[in-house]
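Reading through the structure tokens given below for one structure.
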Amino acid sequence: QLGTANNTNYDAPVQIGNELNWKDVKAGNECSLALKNDGTIFTWGNNTSGELGNGTTTNANEPGQVGTNLQWDKISLKDNTAIAITREGQIRTWGDNTNNEAGINNGGA
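Take the sequence shown: its letters are residues -6 to 102, numbered as in this note's numbering.
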């Protein structure tokens, strides 16, 4: 969940990677979502319900970019459901949709 490329617990703050241009970060249920100043999104952690947005359900212990074509403006993460707004104003969502929390209306992950 920490994005440090290992499973070590830390009792003090530790930097994730070498990037210094982060705009926002959200923590969910065993996963994280971060927005960079350039409009790209990165995720890491548990991916049981596809909450990392990378098209798989494989966990990731370091940040990986979500998609390549969209420029993001705002992010939100609740439990295992991610929601983001593009710079063009579109809402995109991914992850757990068991209770229609992703707004997709198909009721299952």
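Heads up, the beta-carbon is just placed ideally off N, CA and C, and yes, glycines get one too.
Collapsed DSSP secondary structure at residue 69 in the structure displayed: strand
Residue range of the beta strand (DSSP E) that includes residue 18: 15 to 20
Pairwise C-alpha distance: residue 45 and residue 37: 6 Å
Start-to-end residues for the beta strand (DSSP E) that takes in residue 54: 53 to 58
8 Å Cβ cutoff met for residue 78 and residue 71: In this structure, residue 71 does not lie closer than 8 Å to residue 78 by Cβ.
Check whether residue 30 and residue 14 have beta carbons under 8 Å apart: Their beta carbons are under 8 Å apart, which means residue 30 touches residue 14 by this criterion.
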